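**Q** Below is one structure. I have some questions about it.
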Amino acid sequence: MSQAVLYIVPTPIGNLADISQRALDILSEVDVIACEDTRHTGKLLSHYQIGTPTWALHDHNEQYKADQLVTRVLEGKSIALVSDAGTPLISDPGYHLVNRCREAGIRVVAVPGPCAAITALSAAGLPTDRFVFEGFLPAKDKARRDKLESLKDEPRTMVFYESPRRLLDTVTALAEVMGEDRRLVVARELTKAFETIHGLPAGDMLEWLQQDSNRCRGEMVLMVAGYKADADALPLPAQKTLALLSADLGLKKAAALTADIYGLKKNALYKHGLEAGL
Numbered sequence: 001m002s003q004a005v006l007y008i009v010p011t012p013i014g015n016l017a018d019i020s021q022r023a024l025d026i027l028s029e030v031d032v033i034a035c036e037d038t039r040h041t042g043k044l045l046s047h048y049q050i051g052t053p054t055w056a057l058h059d060h061n062e063q064y065k066a067d068q069l070v071t072r073v074l075e076g077k078s079i080a081l082v083s084d085a086g087t088p089l090i091s092d093p094g095y096h097l098v099n100r101c102r103e104a105g106i107r108v109v110a111v112p113g114p115c116a117a118i119t120a121l122s123a124a125g126l127p128t129d130r131f132v133f134e135g136f137l138p139a140k141d142k143a144r145r146d147k148l149e150s151l152k153d154e155p156r157t158m159v160f161y162e163s164p165r166r167l168l169d170t171v172t173a174l175a176e177v178m179g180e181d182r183r184l185v186v187a188r189e190l191t192k193a194f195e196t197i198h199g200l201p202a203g204d205m206l207e208w209l210q211q212d213s214n215r216c217r218g219e220m221v222l223m224v225a226g227y228k229a230d231a232d233a234l235p236l237p238a239q240k241t242l243a244l245l246s247a248d249l250g251l252k253k254a255a256a257l258t259a260d261i262y263g264l265k266k267n268a269l270y271k272h273g274l275e276a277g278l
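Under full-length UniProt numbering, the letters of the sequence shown match residues 1 to 278, in that order.
Here is the structure:
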């Protein structure tokens with residue numbers, strides 16, 4: 001153990017056995033543990049007979065509590081940062097504390113450990129060579145749909161956290177915005193007794209969830225397959241360029257120029273322009 005260090009310590013997402021010996025040693029030996037909910041973290045510490053003092057650090061007090069914690073580290077104390085479950089800062093508080101520690105020249109040590117997004121993704125059966133983590137979608141319907149519209153052509157696998165009460169609304173919006181054939185995977189209650197990882201096209205997933213209310217209960221990770229363009233489809237940037245050029249140059253010349261820019265076939269561009277009414 002080193003003094004004057006901030007340790008980022010992941011904690012179990014469900015199964016209390018999913019914590020490393022290194023994490024337990026750090027939690028036992030630091031001067032204080034900063035956590036979202038002292039009562040929640042207290043259950044974990046009690047299970048492992050750890051008596052380290054805890055400080056509440058959550059969304060509502062992080063701005064000013066961070067300065068107090070930085071001061072303590074600068075005085076030579078060691079601090080562990082934990083969230084209620086999983087890896088801190090991943091859709092959880094901690095950014096302001098870590099940022100201020102780094103600005104103050106304090107050493108920040110990240111300990112590897114549980115993360116619901118990565119755990120779910122590894123078992124989902126969706127492409128994992130490239131993916132994007134989007135955290136929680138907006139709670140309000142219009143904002144949620146606007147966000148999904150912006151992600152409709154995202155080619156990477158998308159990973160979201162979602163609350164049980166909004167899951168049906170989100171899957172409904174996904175089916176409408178991205179199409180009923182877009183593949184989804186819902187992972188719920190990971191590492192717990194009722195763990196479920198289920199994949200279906202969006203339309204079928206909505207029906208499956210509606211068949212049993214228990215399927216919408218618990219902690220949720222929602223994954224969405226990335227967009228796959230039709231092999232014969234024109235790239236979206238080329239379509240936009242064609243539309244812009246045709247407004248001033250006419251469709252025939254615009255198709256020729258766009259073909260040169262993107263290395264595409266002029267006839268395919270011209271045909272697309274006619275179908276689009278350019």
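Where is the CB? At the ideal position from N, CA and C, for every residue including glycine.
It should be emphasised that the depicted structure is a prediction, and the values quoted were computed from it without experimental measurement.
1) Quick one: what does DSSP say arginine 107 is sitting in, helix, strand or coil?
2) Going by DSSP, what residue range makes up the beta strand (DSSP E) through alanine 34?
3) Would valine 177 pass as a contact of leucine 148 if the rule is Cβ separation under 7 angstroms?
4) Please determine if the stretch 8 to 22 and the stretch 82 to 91 are in contact, where contact requires at least 3 C-beta pairs separated by less than 8 angstroms.
5) Per the DSSP calculation, alanine 187 is bridged to which residue(s)?
6) Assign tyrosine 48 to one of three DSSP states: helix, strand, or coil.
7) For alanine 259, report the span of its alpha helix (DSSP H) as first-last.
8) Flag this pair as yes or no: are the beta carbons of proline 138 and cysteine 216 separated by less than 7 angstroms?
9) Which residue wins for smallest C-alpha separation from histidine 47, given the options Glu62, Asp18, Glu36?
10) Does the stretch 117 to 134 come into contact with the stretch 211 to 227, if we say contact requires no fewer than three beta-carbon pairs (one atom in each stretch) closer than 8 angstroms?
11) Answer with buried or exposed for proline 155, where buried requires no fewer than 16 other C-beta atoms within 10 angstroms of its C-beta.
**A** Checking against the coordinates, here is how it stands:
1) strand
2) 32 to 35
3) yes
4) Yes, the stretch 8 to 22 is in contact with the stretch 82 to 91.
5) Answer by DSSP bridge pairing, in chain order: Ile197, Val221.
6) coil
7) 251 to 262
8) no
9) Closest by C-alpha distance to histidine 47, out of Glu62, Asp18, Glu36, is Asp18.
10) yes
11) By the neighbour-count rule (16 or more Cβ atoms within 10 Å), proline 155 is not buried but exposed.
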